[in-house]
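The opening residue of the sequence shown carries number 4 in this note's numbering; numbering runs sequentially from there. Beta carbons: idealized from backbone N, C-alpha and C, even for Gly. Quick caveat: nothing in here was measured; it's all calculated off a predicted structure.
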Amino acid sequence: MKIFLFGLIIAFFVFKIGFWSNAYSNSIKLGPTEDGIKISPHECMNVLNFGKIMEYPNPELGQLFWLIIYNNKEYFIQKYETTINTGMSNNFINSTYVCIGAQKLIPLE
């Protein structure tokens with residue numbers, strides 16, 4: 004009985020590992036790329052508010068964009084900062100985010 008129970012436990016873990024490796028593996032293919040002009044400001048705001056950040060910008064490695072996943076698309080977002088001198092004690096930093104483009108993510112079966 005102990006061997007049978009041990010076999011069931013091992014089979015359960017083998018099934019669970021196989022399921023999670025398929026669920027979280029790189030099982031997608033990249034679809035067509037959209038130009039940033041086609042992305043509405045409302046959609047870009049939703050991406051910034053509700054999307055999952057995959058990569059942060061790293062200028063040393065040549066990565067200038069934020070990569071954010073939202074609604075089965077990978078969005079490329081760039082941040083611009085402008086410093087405005089207010090004439091008072093501190094400068095005011097104005098940050099602007101621009102959706103450069105998006106790429107459809109198609110899950111493989």
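To the nearest angstrom, how far is it from the Cα of residue i to the Cα of residue j?
| i | j | result |
| --- | --- | --- |
| residue 85 | residue 109 | 37 Å |
| residue 94 | residue 30 | 47 Å |
| residue 65 | residue 46 | 26 Å |
| residue 81 | residue 41 | 16 Å |
| residue 104 | residue 6 | 56 Å |
| residue 57 | residue 69 | 8 Å |
| residue 89 | residue 44 | 28 Å |
What do you get for residue i, buried or exposed, if any count of 16 or more other CB atoms within 10 angstroms of its CB means buried?
| i | result |
| --- | --- |
| residue 59 | exposed |
| residue 79 | buried |
| residue 87 | exposed |
| residue 71 | buried |
| residue 63 | exposed |
For residue i, which three-state DSSP category applies?
| i | result |
| --- | --- |
| residue 10 | helix |
Mind checking which residues open and close the beta strand (DSSP E) that includes residue i?
| i | result |
| --- | --- |
| residue 94 | 94-110 |
| residue 81 | 76-88 |
| residue 70 | 69-73 |
Open item on the list: My parser needs the alpha helix (DSSP H) runs of 4 or more residues fully inside the region 38-64; what are they?
Closed with: Counting only runs of 4 or more residues that sit fully inside the region 38-64, the alpha helix (DSSP H) segments are 44-53, in chain order.
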